[in-house]
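Engineer: Its first residue numbered 1, the sequence shown is counted upward by one per residue in full-length UniProt numbering.
Below you will find the structure I want to go over with you.
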Amino acid sequence: MTDAVDAAVERAGSADSAETPAYAPWSGHVPAPEHRTPVTTYRLQLGEDLTFADAKALVPYLADLGVTDLYLSPILAAAPGSTHGYDVVDHRRVSTVMGGREQLEALAAEADAHGMGVVVDIVPNHMAVPTPSWHNLPLWSVLREGPDSPYADWFDLSLDEPILMPVLGKRIGAVLADDELTLEQMVVPGQEDLGEQWVLRYYDHAFPVAQGTESLPMHVLVERQHYRLAYWKVGDEEINYRRFFDVGTLAAIRVEEPDVFAGSHGLILELMRDGVISALRVDHPDGLADPGGYLTQLAEATGGAWIAAEKILAPGESLPTSWPVAGTTGYDAAWRIDQLQVDPAGAARLGALMQELTGDAPVDYHRIVEEAKREVIAGSLASEVDRLARILDSLTSQDVRLRDHTLRDLRACVVELLVAADQYRVYVVPGTPPGPETAAVLQADAERARQRLEPDQGETLDLVVAILLGEPVGSEGLSESPERAEAVIRFQQVCGAVTAKGVEDTAFYRWTHLTSLTEVGGNPAGFALSADEAHAWADRVQNTWPDTMVTSTTHDTKRGEDVRARLDVLASYAEEWSDLIHRLRAMTAQARPLDLDGRSENLLWQTLWGTWAPDSDDPMTPERLSAYLIKASREQKIWTTWTAPDLAREQALTDYATHLLTSEEVCDELEAFATLTARSVRTAILAGKALALTWMGVSDIYQGSETTRTSLVDPDNRRTVDYTGPSGLISALERLDSGAAPRSLDEDKLFLTSRLARLRACRPHTFVGPRSGYRTIPVTTSFAFAYTRLLDEVPDVVVIARRLSRRLEQLGGWREESIVLPEGTWEHVLRSGSVEGGSRPLAEVVGDDPVVVLARVVSPDSETDSAHSTEGTAR
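Structure (structure tokens):
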């Protein structure tokens, strides 16, 4: 690694250090020259079922596939039983479940031997509140010692009152009456040097006991702690620590504090210094007090490494250009790839079917989002909203000129601003004037909010907006007070949580117009995207963020890319789909529950189709489908919820789903529809994957998505992938590399993925970095989405993807449509043959293929050929 990283690690401190780091200035959207830029990453979800040793065994296959960098889920010690790694408990240790530091270093060495780097996902926003609590020693210390704990400033909470621990199965009075709390002495794991400690037990839970309170009567003892044990239902109303959204078992940390940054990042920076890690993905920066400030600090600490931020952008939103990161993690590209294959002509018929089943009209999307946000504000995030309102009330009460703005009015204004917000958050740093774009966003939110407020509350709304924008209010001291800064920060954090829980985790499950469009960061109300709109967006991103990430499936997507592609095609067969659903409903009427919710039913039909791949290596099963439907229905929060499940209705729904999946009549109908749509589905899947691998920036391949998968939302998308079996991916790739033709859509996709990933590895500067570029290629039809990737402003790779395949066929195919290829000789990447530049018929260049990729033919001694080496990128 570089001297810059070495110095930064020393300043930031080792894994065991909490010294305040000092940072050298650095900024930029591309990594510093001495740092590696990934070209094609491969995301692995590590855990007990996929350890570092397992990943090491996959490296030769991934190298053959064309992958340049491993992309690992969080690697630090997580809560017991963690299946994802985002519930970190110890920043000083690599996960022993995954194999510990030694096996991580062996994995990195194997990757390096194959010319690959290692990207790691880090979690700066929160830590786990585990069971038992001692697994998180910083939290254990705060619970035991309160303000006197050396970790007192780690967690985003106030120690002026006991920390709420809502873990009890009933109210505290009943728990005490039934003697369910017990006191014992034990050696706490990880604190063996302290000898035996007093521990308060509640079944599997364990909490520390403040010194000197162990001999008190139990009802007095529980009152004398730095925490408050409470009934679990109390949490949403009275929680007093910031959570990851509304998840009580994930407590936010104050990474903006220098000692917290050093303590939580020391080991990661040390691993970068040692060459084990080469780049980072940052989870959920929107939860932080100052995301831009944190990312700047991280960029400086790493000496300018490649960093991707998991920022979910609204359709019209751009990543803040001041952030010194390579770009986003790719959600903004994923939904656009889908919408290119959605035929807007199908919107009305699919909308009519949705309205028939659910009562929701196509124009109702924004109403459903608003309803969902209000429910979240009144429910699981009520305590956060109340806290924000109280901060504003305390602030205004300090100035006589502002005291007539009541708590009720302040809260009402906050609620309406949160409901009106159409992006996750804005970025205002207390004490720093916001830019005009930020001010415009908040002012637009305010105007929408004003329409829902009483006339007399308009002045209060103006005051709240002025406070949030840093404008002068009240006295000079009030403008600079810590409470004002806290109000600014808390509003932005709560806004992100309300948007995530209200839209992504509620409205997206309720809206069933076309469920492939209800994807993270997506625009379900937009329905379709024109080629010109997609080109314009890609050009903007390429000019500013040439090293951003592009993905089509992640561990967080609601559906895998192949499921979404099958659903996208429904818009091209809307009449046939509607007719099919009417037939299926009639033939299964006896099995359908009388009280089946319409939204759940429409979601079921679309899910059944989206995962319809009985002949693939990943067919849907009744167990998986049932688990998904229960989760989706509870996320809808209409007739069943996580906290109040209707088990009888859930069972009826899953029984019906199982009947549909196993009924011979239903299967015959679906198979006939699959035959009808086969060419369109194949086009959508393969063209979509080609775009994800060539459109711009760093391409990510989620584990197993080099072939077709029927994955749904987590945990379904973390299922084991068959790499090594007789029909596994390794043997399939070997067969294709031997010259055998693909035998199925699974192998078609594997072939395409490997050829395009290898192309990227051979021509890295064409796809990433400051020498890469993007340019639209002239075509005479909107059914071809065509562009060239540039190397030093010279066309080097051409991509022509078929769009809306059925409508194209209905119009008679390509007919006289043409494309103007850049000059020169171009070789096909996905089939044999070559073509000369100039105006060419699409029927000749593309033919029946879903997508065509062409690479410029260069002479061995040309400057362009030497530029295709991997020097300086993914090295």
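We put the beta carbon where it would ideally sit given N, CA and C, even for glycine.
1. Identify the continuous beta strand (DSSP E) that holds glutamate 827 and give its terminal residues.
2. Where does isoleucine 561 land, buried or exposed, given buried means 16+ other C-beta within 10 angstroms?
3. When we look at the beta-carbon of glutamine 45 and count the other beta-carbons within 10 Å, is it buried (16 or more) or exposed?
4. So, helix, strand or coil for serine 782, using DSSP?
5. Bridge partners for arginine 775 per DSSP, in chain order?
6. Could you pull out every residue in the same chain whose Cβ sits closer than 7 angstroms to the Cβ of alanine 79, ignoring the five residues on either side in sequence?
7. Are the Cβ atoms of valine 550 and alanine 692 separated by less than 9 angstroms?
8. Between leucine 181 and tyrosine 202, is the Cβ-Cβ spacing less than 9 angstroms?
9. When you compare only the Cα positions, how much space is there between glycine 435 and aspartate 274?
10. Which term fits tryptophan 642, buried or exposed, when burial requires 16 or more other beta carbons within 10 angstroms of its beta carbon?
11. Using the three-state DSSP reduction, which class does arginine 856 fall into: helix, strand or coil?
12. Quick check: leucine 417 and leucine 461, are their CB atoms within less than 9 angstroms of each other?
13. So is arginine 408 buried or exposed if we call it buried at 16+ other beta carbons inside 10 Å?
14. Can you give the Cα-Cα distance for alanine 784 and tryptophan 335, rounded to whole angstroms?
15. In the segment 36-72, which residue ranges form an unbroken beta strand (DSSP E) of at least 3 residues, counting only runs that do not cross its ends?
16. Could you tell me which residues DSSP puts in a beta bridge with aspartate 700?
17. State the CB to CB distance for the pair isoleucine 391 and glutamate 486, rounded to an integer number of angstroms; the pair is presumed to be in contact (CB under 8 angstroms).
18. For the alpha helix (DSSP H) that contains alanine 672, what are its first and last residues?
19. Can you list, in chain order, the residues of its chain with a C-beta nearer than 7 angstroms to that of glutamate 483? Leave out the 5 residues immediately preceding and following it.
20. Please confirm if the segment 569-583 is in contact with the segment 626-643, defined as three or more CB-CB distances below 8 angstroms between the two stretches.
21. Using the C-alpha atoms, what's the distance from serine 626 back to proline 166?
22. List the endpoints of the continuous beta strand (DSSP E) containing serine 839.
23. Report the rounded CA-to-CA distance for residue 876 versus arginine 709, giving the unit in angstroms.
24. Based on DSSP bridge pairs, tell me the residues matched to proline 166.
25. Where does the unbroken beta strand (DSSP E) through leucine 604 begin, and where does it stop?
26. Leaving out the 5 sequence neighbours to the left and right, which residues in its chain are closer than 7 angstroms to alanine 591 when beta-carbon positions are compared?
27. Alpha carbon to alpha carbon, how far is alanine 109 from glutamate 48? Give it in angstroms, no decimals.
28. For a quick check, are the C-beta atoms of alanine 111 and alanine 53 less than 9 angstroms apart?
29. In whole angstroms, what separates the C-alpha of valine 857 from that of valine 820?
30. How many whole angstroms separate the CB atoms of phenylalanine 244 and glycine 293, which I take to be in contact at a CB cut-off of 8 angstroms?
31. Using CA coordinates, which residue listed in Glu161, Val713 and His535 is at the minimum distance from valine 799?
32. List the whole-angstrom C-beta distance separating leucine 653 from leucine 629, where the pair is believed to meet the contact cut-off of C-beta under 8 angstroms.
33. Can you give the Cα-Cα distance for glycine 812 and leucine 65, rounded to whole angstroms?
34. Can you list, in chain order, the residues of its chain whose CB lies under 6 angstroms from that of residue 952, leaving out five sequence neighbours each side?
35. Glutamate 356 and tyrosine 509: beta carbons closer than 9 angstroms?
36. In the DSSP assignment, find the unbroken alpha helix (DSSP H) run with tyrosine 128 in it and report its ends.
Structural biologist: If we stick to the structure as given:
1. To locate residue 827, count along the sequence shown from 1; it is residue 827. First-last of the beta strand (DSSP E) with glutamate 827: 818-828.
2. Within the sequence shown, numbered from 1, the residue matching residue 561 stands at position 561. According to the sequence displayed, residue 561 carries glutamate and not isoleucine. Buried.
3. In the sequence shown, counting from the first residue as 1, residue 45 sits at position 45. Residue environment analysis places glutamine 45 among the buried positions, since at least 16 neighbouring C-beta atoms fall within 10 angstroms of its C-beta.
4. Along the sequence shown, read from residue 1 onward, the residue named residue 782 stands at position 782. In the displayed model, serine 782 falls within coil according to three-state DSSP, outside both helix and strand.
5. Indexing the sequence shown from 1 puts residue 775 at position 775. Beta-bridge pairing links arginine 775 to Thr788.
6. On the sequence shown, position 79 is the one that residue 79 refers to. Cβ neighbours of alanine 79 beyond the five flanking positions: Asp87, Val89, Ala128, Pro130 and His135.
7. Numbered from its first residue, the sequence shown carries residue 550 at position 550. Numbered from its first residue, the sequence shown carries residue 692 at position 692. Taking C-beta atoms as the reference points, valine 550 and alanine 692 count as a pair closer than 9 angstroms.
8. As a working note, residue 181 is residue 181 in the sequence shown. As a working note, residue 202 is residue 202 in the sequence shown. Tyrosine 202 is positioned such that its CB atom lies closer than 9 angstroms to that of leucine 181.
9. Within the sequence shown, residue 435 is the residue found at index 435, counting from 1. Within the sequence shown, residue 274 is the residue found at index 274, counting from 1. The C-alpha of aspartate 274 is placed about 39 angstroms away from the C-alpha of glycine 435.
10. As a first step, residue 642 is located in the sequence shown; it is residue number 642 there, counting from the start. Classification for tryptophan 642: exposed.
11. Sequence index remark: in the sequence shown, residue 856 carries index 856 (1-based). In the three-state reduction of the DSSP assignment, arginine 856 falls in the strand class, which pools E and B.
12. Position 417 of the sequence shown, counted from the first residue, corresponds to residue 417. Position 461 of the sequence shown, counted from the first residue, corresponds to residue 461. Their beta carbons are under 9 angstroms apart, which means leucine 417 touches leucine 461 by this criterion.
13. As a position in the sequence shown, residue 408 is number 408, starting the count at 1. That one is exposed.
14. Counting from 1 along the sequence shown, the entry for residue 784 is found at position 784. Counting from 1 along the sequence shown, the entry for residue 335 is found at position 335. When only Cα atoms are considered, alanine 784 and tryptophan 335 end up about 18 angstroms apart.
15. DSSP runs (the beta strand (DSSP E)) wholly in the segment 36-72: 40-44 and 69-72.
16. Locating residue 700 in the sequence shown gives position 700, counting from the first residue. For aspartate 700, DSSP records a beta bridge to Thr41.
17. Numbered from its first residue, the sequence shown carries residue 391 at position 391. Numbered from its first residue, the sequence shown carries residue 486 at position 486. Contact holds; Cβ gap of about 6 angstroms.
18. Within the sequence shown, numbered from 1, the residue matching residue 672 stands at position 672. Taken as a continuous stretch (DSSP letters only), the alpha helix (DSSP H) holding alanine 672 covers 664-694.
19. For the purposes of this step, residue 483 is taken as residue 483 along the sequence shown, with counting starting at 1. Within the same chain, glutamate 483 has close Cβ partners Ile391, Ser394 and Leu395.
20. With a cut-off of 8 angstroms, the segment 626-643 and the segment 569-583 do not count as touching, because too few Cβ pairs lie within range.
21. As a first step, residue 166 must be located in the sequence shown, where it is residue number 166. As a first step, residue 626 must be located in the sequence shown, where it is residue number 626. For proline 166 and serine 626, the distance between alpha carbons rounds to 30 angstroms.
22. On the sequence shown, residue 839 is found 839 positions in, with the first residue counted as 1. Taken as a continuous stretch (DSSP letters only), the beta strand (DSSP E) holding serine 839 covers 834-841.
23. Residue 876 falls outside the range modelled here, since the chain spans only 1 to 875, and no answer is possible.
24. Locating residue 166 in the sequence shown gives position 166, counting from the first residue. Answer is Ala230.
25. The count along the sequence shown starts at 1 and reaches residue 604 at position 604. Leucine 604 -> not in any beta strand (DSSP E); alpha helix (DSSP H) instead, spanning 598-610.
26. Your numbering for residue 591 matches position 591 in the sequence shown. Spatial neighbours of alanine 591 in its own chain (CB-CB distance under 7 angstroms, excluding positions within 5 residues in sequence) are listed in chain order as Tyr656 and His659.
27. Mapped onto the sequence shown, residue 48 falls at position 48. Mapped onto the sequence shown, residue 109 falls at position 109. Distance between the alpha carbons of glutamate 48 and alanine 109: 21 angstroms.
28. Along the sequence shown, one-based indexing puts residue 111 at 111. Along the sequence shown, one-based indexing puts residue 53 at 53. Against a cut-off of 9 angstroms, the Cβ pair of alanine 53 and alanine 111 comes out as no contact.
29. Here residue 857 is taken as the residue at index 857 of the sequence shown, counted from 1. Here residue 820 is taken as the residue at index 820 of the sequence shown, counted from 1. Taking the straight line from one Cα to the other gives about 17 angstroms.
30. Here residue 244 corresponds to residue number 244 of the sequence shown, with the count starting at 1. Here residue 293 corresponds to residue number 293 of the sequence shown, with the count starting at 1. Phenylalanine 244 to glycine 293, Cβ: 20 angstroms. No contact.
31. Indexing the sequence shown from 1 puts residue 799 at position 799. Among Glu161, Val713 and His535, the Cα nearest to that of valine 799 is on His535.
32. What you label residue 653 is simply residue 653 of the sequence shown in a count that begins at 1. What you label residue 629 is simply residue 629 of the sequence shown in a count that begins at 1. About 6 angstroms; that satisfies the 8 angstroms criterion.
33. The residue given as residue 812 occupies position 812 in the sequence shown. The residue given as residue 65 occupies position 65 in the sequence shown. CA-CA distance, glycine 812 to leucine 65, rounds to 37 angstroms.
34. The shown model of the chain, from 1 to 875, leaves out residue 952, and the question about it has no answer.
35. Counting from one through the sequence shown, the residue named residue 356 turns up at place 356. Counting from one through the sequence shown, the residue named residue 509 turns up at place 509. With respect to tyrosine 509, glutamate 356 sits apart: the two C-beta atoms are not nearer than 9 angstroms.
36. Your numbering for residue 128 matches position 128 in the sequence shown. The displayed chain sequence assigns alanine, not tyrosine, to residue 128. That residue, alanine 128, is in no alpha helix (DSSP H); its beta strand (DSSP E) goes 126-128.
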